[in-house]
Amino acid sequence: MPGGKRGLVAPQNTFLENIVRRSSETSFLLGNAQIVDWPVVYSNDGFCKLSGYHRAEVMQKSSTCSFMYGELTDKKTIEKVRQAFDNYESNCFEVLLYRKNRTPVWFYMQIAPIRNENDKVVLFLCTFKDITVFKQPIEDESTRGWTKFARLTRALTNSKSTIQQLTPVSRTDITSHKHSRLAEVLQLGSDILPQYKQEAPKTPPHIILHYCTFKTTWDWVILILTFYTAIMVPYNVSFKTKQNNVTWLVLDSVVDVIFLVDIVLNFHTTFVGPGGEVISDPKLIRMNYLKTWFVIDLLSCLPYDIINAFENVDEGISSLFSSLKVVRLLRLGRVARKLDHYLEYGAAVLVLLVCVFGLVAHWLACIWYSIGDYEVIDEQNNTTKTESWLYQLATSTGHPYRYNASGTGQWEGGPGKDSLYITSLYFTMTSLTTIGFGNIAPTTDGEKIFSVAMMMVGSLLYATIFGNVTTIFQQMYANTNRYHEMLNNVRDFLKLYQVPKGLSERVMDYIVSTWSMSKGIDTEKVLSICPKDMRADICVHLNRKVFNEHPAFRLASDGCLRSLAVEFQMIHSAPGDLIFHAGESVDLLCFVVSGSLEVIQDDEVIAILGKGDVFGDVFWKETTLAHSCANVRALTYCDLHIIKREALLKVLDFYTAFANSFSRNLILTCNLRKRLYWLNSSCFFVLKSHAFTC
Numbered sequence: 001m002p003g004g005k006r007g008l009v010a011p012q013n014t015f016l017e018n019i020v021r022r023s024s025e026t027s028f029l030l031g032n033a034q035i036v037d038w039p040v041v042y043s044n045d046g047f048c049k050l051s052g053y054h055r056a057e058v059m060q061k062s063s064t065c066s067f068m069y070g071e072l073t074d075k076k077t078i079e080k081v082r083q084a085f086d087n088y089e090s091n092c093f094e095v096l097l098y099r100k101n102r103t104p105v106w107f108y109m110q111i112a113p114i115r116n117e118n119d120k121v122v123l124f125l126c127t128f129k130d131i132t133v134f135k136q137p138i139e140d141e142s143t144r145g146w147t148k149f150a151r152l153t154r155a156l157t158n159s160k161s162t163i164q165q166l167t168p169v170s171r172t173d174i175t176s177h178k179h180s181r182l183a184e185v186l187q188l189g190s191d192i193l194p195q196y197k198q199e200a201p202k203t204p205p206h207i208i209l210h211y212c213t214f215k216t217t218w219d220w221v222i223l224i225l226t227f228y229t230a231i232m233v234p235y236n237v238s239f240k241t242k243q244n245n246v247t248w249l250v251l252d253s254v255v256d257v258i259f260l261v262d263i264v265l266n267f268h269t270t271f272v273g274p275g276g277e278v279i280s281d282p283k284l285i286r287m288n289y290l291k292t293w294f295v296i297d298l299l300s301c302l303p304y305d306i307i308n309a310f311e312n313v314d315e316g317i318s319s320l321f322s323s324l325k326v327v328r329l330l331r332l333g334r335v336a337r338k339l340d341h342y343l344e345y346g347a348a349v350l351v352l353l354v355c356v357f358g359l360v361a362h363w364l365a366c367i368w369y370s371i372g373d374y375e376v377i378d379e380q381n382n383t384t385k386t387e388s389w390l391y392q393l394a395t396s397t398g399h400p401y402r403y404n405a406s407g408t409g410q411w412e413g414g415p416g417k418d419s420l421y422i423t424s425l426y427f428t429m430t431s432l433t434t435i436g437f438g439n440i441a442p443t444t445d446g447e448k449i450f451s452v453a454m455m456m457v458g459s460l461l462y463a464t465i466f467g468n469v470t471t472i473f474q475q476m477y478a479n480t481n482r483y484h485e486m487l488n489n490v491r492d493f494l495k496l497y498q499v500p501k502g503l504s505e506r507v508m509d510y511i512v513s514t515w516s517m518s519k520g521i522d523t524e525k526v527l528s529i530c531p532k533d534m535r536a537d538i539c540v541h542l543n544r545k546v547f548n549e550h551p552a553f554r555l556a557s558d559g560c561l562r563s564l565a566v567e568f569q570m571i572h573s574a575p576g577d578l579i580f581h582a583g584e585s586v587d588l589l590c591f592v593v594s595g596s597l598e599v600i601q602d603d604e605v606i607a608i609l610g611k612g613d614v615f616g617d618v619f620w621k622e623t624t625l626a627h628s629c630a631n632v633r634a635l636t637y638c639d640l641h642i643i644k645r646e647a648l649l650k651v652l653d654f655y656t657a658f659a660n661s662f663s664r665n666l667i668l669t670c671n672l673r674k675r676l677y678w679l680n681s682s683c684f685f686v687l688k689s690h691a692f693t694c
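If you're matching positions, the sequence shown starts at 1 in UniProt numbering and goes up one per residue.
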């Protein structure tokens with residue numbers, strides 16, 4: 001059950017799927033309620049089979065089915081149908097229509113308006129039932145001259161399937177339950193038809209979304225309790241701690257109850273299907289959980305501690321149930337199946353890896369103590385093995401082993417449990433990290449075999465965990481490393497080619513400022529990943545300041561804005577950067593989003609540009625490419641949105657209506673095609689044959 005993945009949870013308009021799924025045996029049409037003559041926008045296979053028309057032949061024809069009218073169709077019924085459509089009201093009619101082969105058929109036609117989230121009628125749903133068998137037999141060309149009985153017999157023969165589906169309905173009953181009858185036909189289970197709107201996937205009231213805040217928090221609680229279980233169960237089994245302590249018994253019982261509650265929640269939690277869809281059907285959820293993790297979760301929740309807590313329990317049975325508590329480690333499966341959910345957070349992965357390393361060391365420490373405790377006493381000779389690490393630890397701590405011959409007749413003494421556990425954990429940690437000081441060493445054959453196995457496991461675990469830790473840190477600092485690598489390459493380049501100091505400072509300042517603005521994100525690379533439609537939406541958002549502030553774009557259609565947006569580029573300029581040099585071609589139209597620039601002609605500042613200004617050339621009005629008459633230099637850090645001449649002309653050629661509006665409403669703050677002249681302390685703009693005083 002891939003609960004870590006969100007699945008396909010984007011809001012969707014599932015109106016058509018709901019109608020088709022719930023009306024598989026019904027013939028229906030969907031018509032647009034906002035267009036003249038209510039054209040058909042969808043017809044199901046049942047209607048095509050009933051009418052004899054192909055779906056392509058029905059599309060865009062009137063939802064009133066006027067294309068199926070004939071000479072016997074009642075004029076009054078036709079008018080009533082049109083009134084129902086005009087008034088956006090639900091109604092039903094018995095109407096005579098003609099199939100494609102011009103065979104007349106009586107239909108029971110139901111009309112229902114479909115509303116959107118704004119309570120506006122956007123569609124008409126028209127359903128059809130063949131009721132020819134219940135009407136007066138029709139006399140057409142093929143049955144002309146037949147007796148009434150013969151025509152009725154043919155009608156009954158051709159309508160056996162209809163007889164099985166329909167029962168006679170009185171006219172009064174039909175008119176009094178129009179809307180609910182339609183909902184019943186569609187098997188919707190209520191009088192309310194589905195709305196035509198975009199909405200997030202819905203779940204039943206008792207079903208929990210696997211990605212909701214509550215379930216995410218609950219999963220983290222289960223993770224913490226799982227680690228608690230993974231720590232305490234091996235410790236209790238190895239050190240044979242009988243749970244006479246009421247506090248620990250209550251705590252473990254509470255943990256068991258929480259895991260039982262988790263089992264119940266899993267029966268009511270959605271999961272992601274193989275196609276990425278969110279499965280919220282209660283029956284499918286139950287079957288999926290029963291087939292996957294239910295048995296393991298149930299075994300891990302059995303109350304082993306309660307039986308082991310009784311004083312009169314036989315020692316063998318007590319040891320058995322203590323050993324069975326290891327089954328609770330199956331709860332780690334909960335972490336495994338939700339691992340992809342936790343991997344979404346880099347810090348969480350780092351913490352999990354460290355916890356896993358410590359957890360394995362804890363398990364090995366418990367096993368290491370169990371081996372030493374089993375071998376320290378020689379049962380045959382009733383003596384202690386002086387070479388055992390437990391004996392040496394007992395001697396060094398002043399708690400030697402002694403045989404109680406007068407009392408219990410068993411060996412007593414030895415170090416305390418705290419000292420034993422800390423020493424065992426110390427040995428396993430030094431072995432797993434390949435340090436191994438040697439002050440605690442395996443001496444018996446069993447200890448040596450275990451040490452060899454532990455070193456093999458430890459080397460693999462050490463390489464895996466700390467290799468992943470290295471990868472995580474590299475990913476965390478990948479952008480920073482890339483930034484410093486780029487700076488070093490630029491410095492080496494400037495030094496190798498002996499670039500002048502002033503220019504070098506400008507280059508370094510530009511790189512630093514650009515990186516601080518973009519955070520090292522390659523916008524073009526990100527946009528190239530997205531599909532065409534999504535890329536256009538993002539570009540419209542990125543250029544929204546330009547489109548909203550300039551009146552030239554107000555009359556642009558949505559398609560026109562999207563075409564323009566994908567052609568725009570965003571550039572960042574540092575103080576002192578030249579956008580245009582005098583004499584070079586003006587092939588860009590520039591919009592200032594932030595910052596300020598100066599326009600310099602003949603070493604004189606002729607204009608200062610700021611936010612909202614536009615400069616370049618009106619090349620949509622000119623046939624030749626202009627030469628810049630001035631330098632345009634950034635005074636501060638500037639953000640410019642630019643579009644190339646060829647790209648703009650291509651869009652204007654395609655959207656001719658917008659081109660006229662754009663040409664009238666776009667005013668250049670500075671036209672670099674025009675040169676400014678001075679004469680006797682007065683200045684003139686020279687444009688063609690006219691001079692304008694400045």
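C-beta: ideal position from N, C-alpha, C; glycine also.
On the CB-based measure, 16 or more other CB atoms within 10 Å of its CB, does residue i come out buried or exposed?
i      : result
ASP418 : exposed
HIS206 : exposed
GLY583 : exposed
LYS148 : Low per-residue confidence applies at LYS148: pLDDT is 49, beneath 50, and the placement is therefore not dependable, though the value from the model is reported in the following sentence. So LYS148 counts as exposed.
VAL586 : buried
HIS210 : buried
GLY438 : exposed
ALA56  : exposed
GLU549 : exposed
SER518 : exposed
GLY467 : exposed
GLU184 : Below a pLDDT of 50, predicted positions are generally treated as unreliable, and GLU184, at 41, falls in that range; no measurement from the model is reported.
PRO400 : exposed
THR269 : buried
In angstroms with no decimal places, state the Cα-to-Cα distance between residue i and residue j.
i      : j      : result
VAL614 : ASP37  : 47 Å
PRO39  : SER66  : 11 Å
SER63  : SER43  : 10 Å
VAL490 : MET508 : 8 Å
ASP639 : GLY502 : 23 Å
VAL618 : VAL351 : 60 Å
TYR98  : TRP106 : 9 Å
PHE128 : PHE47  : 8 Å
VAL546 : CYS670 : 17 Å
ILE571 : THR514 : 9 Å
ALA647 : VAL121 : 41 Å
LEU364 : LEU425 : 8 Å
LYS650 : THR203 : 48 Å
GLN474 : ARG482 : 11 Å
Between which two residues does the beta strand (DSSP E) containing residue i stretch?
i      : result
SER573 : 569-573
PHE580 : 578-580
GLN110 : 104-115
THR471 : Per DSSP, THR471 belongs to no beta strand (DSSP E); it is in the alpha helix (DSSP H), 445-476.
HIS206 : HIS206 -> no beta strand (DSSP E), and no H or E assigned at all.
ILE435 : No beta strand (DSSP E) holds ILE435; DSSP gives it neither H nor E.
GLN392 : Segment 389-397 is the alpha helix (DSSP H) holding GLN392; no beta strand (DSSP E) there.
ILE643 : 638-644
TRP620 : That residue, TRP620, is in no beta strand (DSSP E); it is neither H nor E in DSSP.
PHE28  : 27-32
TYR98  : 91-98
For my contact list, residue i and residue j are in at a C-beta cut-off of 8 Å; report their separation, rounded to the angstrom.
i      : j      : result
PHE568 : HIS641 : 5 Å
TYR53  : LYS100 : 5 Å
ASN665 : ALA552 : 4 Å
Would you kindly report the start and end of the unbroken alpha helix (DSSP H) that includes residue i?
i      : result
ALA630 : Counting along the chain, ALA630 falls outside any alpha helix (DSSP H), and DSSP gives it neither H nor E.
LEU298 : 294-299
GLY46  : 45-51
TRP248 : 246-266
GLN83  : 75-86
SER280 : Where SER280 is concerned, there is no enclosing alpha helix (DSSP H), given that its DSSP letter is neither H nor E.
* Asked: Is there contact here, the stretch 510-528 with the stretch 609-623, by at least three beta-carbon pairs under 8 Å?
  -> no
* Asked: Between the stretch 244-253 and the stretch 220-227, are three or more C-beta pairs nearer than 8 Å?
  -> no
* Check whether the stretch 257-274 touches the stretch 232-239, taking contact to mean three or more Cβ pairs, one atom from each stretch, closer than 8 Å. => no
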